[in-house]
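A short write-up of the structure that comes next.
Numbering (the working numbering), first residue to last: 673 to 908.
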């Protein structure tokens with residue numbers, strides 16, 4: 673699914689009704705294009721089932737979980753979700769945004785939510801295509817599965833990640849006093865996001881615009897307190 677140094681700024685925000693069509697399109701593209709390298713045409717058709725999917729049902733399903741959308745330059749690039757038990761039902765990235773840090777930021781946001789909800793683990797049924805990415809994010813295979821979809825067998829993996837008790841999540845707001853300051857922040861934000869996300873011990877870093885054009889919500893998630901201390905901001 674990913675992952676190198678972020679080539680562009682990836683922003684994560686909660687899913688909304690206006691995202692239904694875009695997220696469904698991302699799902700279908702990811703399954704029919706990206707996953708086609710690991711599954712047969714018959715398996716892809718059984719998995720995607722485009723003729724059986726409608727927007728109201730899709731939207732209702734997305735709303736049933738804590739769902740997040742990733743954007744790059746304002747365009748929807750991927751999405752993921754997690755339910756109250758820590759199960760990740762979907763994590764998909766549009767083919768054109770592969771290997772740009774989108775999946776890594778989505779899984780990072782899901783982990784932040786899980787820790788805030790005091791969950792102790794994350795679980796997912798992961799495709800052959802996505803398995804290497806999940807392994808890089810600390811998930812391990814519990815069992816190989818052969819699920820039936822439309823009478824067709826598809827191989828996937830039950831994967832699990834124990835959440836570290838030592839993890840630290842810092843959150844707050846970035847507030848500008850003038851529009852000129854806000855413009856400067858916006859211009860330099862992509863580079864700042866990329867540099868911070870590349871620092872040792874930083875699992876996820878996200879800056880989300882709010883309804884106030886001078887204010888951003890900031891979340892920085894570290895593996896442990898020592899990583900916070902080593903962060904440049906913690907050395908001042």
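Using N, Cα and C, we set each Cβ at its ideal position, and we do this for glycine too.
This one's a predicted model, so the numbers in the text were calculated from it and none came from an experiment.
Residue environment: residue 859 is assigned as exposed (fewer than 16 neighbouring CB atoms within 10 Å of its CB, all protein chains considered). With a cutoff of 9 Å on beta-carbon distance, residue 706 and residue 770 are scored as near each other. The beta-carbon distance between residue 861 and residue 681, rounded to whole angstroms, is 6 Å. This is short enough to meet the 8 Å contact definition. With contacts defined as CB atoms closer than 9 Å, residue 684 and residue 781 qualify as a contacting pair. Rounded to whole angstroms, the separation of the alpha carbons of residue 747 and residue 711 is 28 Å. In this structure the segment 737-745 lies against the segment 753-762, because at least three pairs of beta carbons, one per stretch, are closer than 8 Å. Check the Cα spacing between residue 850 and each of 884, 807 and 831: the tightest is with 884. The DSSP assignment places 793-799, 812-821, 824-834 and 840-847 as complete runs of the beta strand (DSSP E) inside the segment 771-856, in order along the chain (cut-off: 3 residues).
In the DSSP assignment, residue 686 falls within the unbroken beta strand (DSSP E) covering 682-686. As the crow flies, the alpha-carbon of residue 686 is around 31 Å from that of residue 815.
Between the segment 817-832 and the segment 784-804 there are three or more inter-stretch CB-CB distances shorter than 8 Å, so the stretches are counted as touching. Apart from sequence neighbours up to five positions away, the residues of its chain that approach residue 716 with a beta-carbon distance below 8 Å are 703, 704, 707 and 708, ordered along the chain. It is roughly 31 Å from the alpha-carbon of residue 807 to the alpha-carbon of residue 689. Looking at the backbone, the Cα of residue 700 and that of residue 749 are separated by about 13 Å.
Residue environment for residue 693: exposed (fewer than 16 other C-beta atoms within 10 angstroms of its C-beta). Unbroken beta strand (DSSP E) runs of no fewer than 3 residues, entirely contained in the segment 677-745, are found at 682-686 and 738-744, following chain order. Just so you know, the alpha carbons of residue 776 and residue 876 end up roughly 8 Å apart. With contacts defined as CB atoms closer than 9 Å, residue 752 and residue 778 qualify as a contacting pair. For the pair residue 887 and residue 823, the Cα-to-Cα distance works out to about 51 Å.
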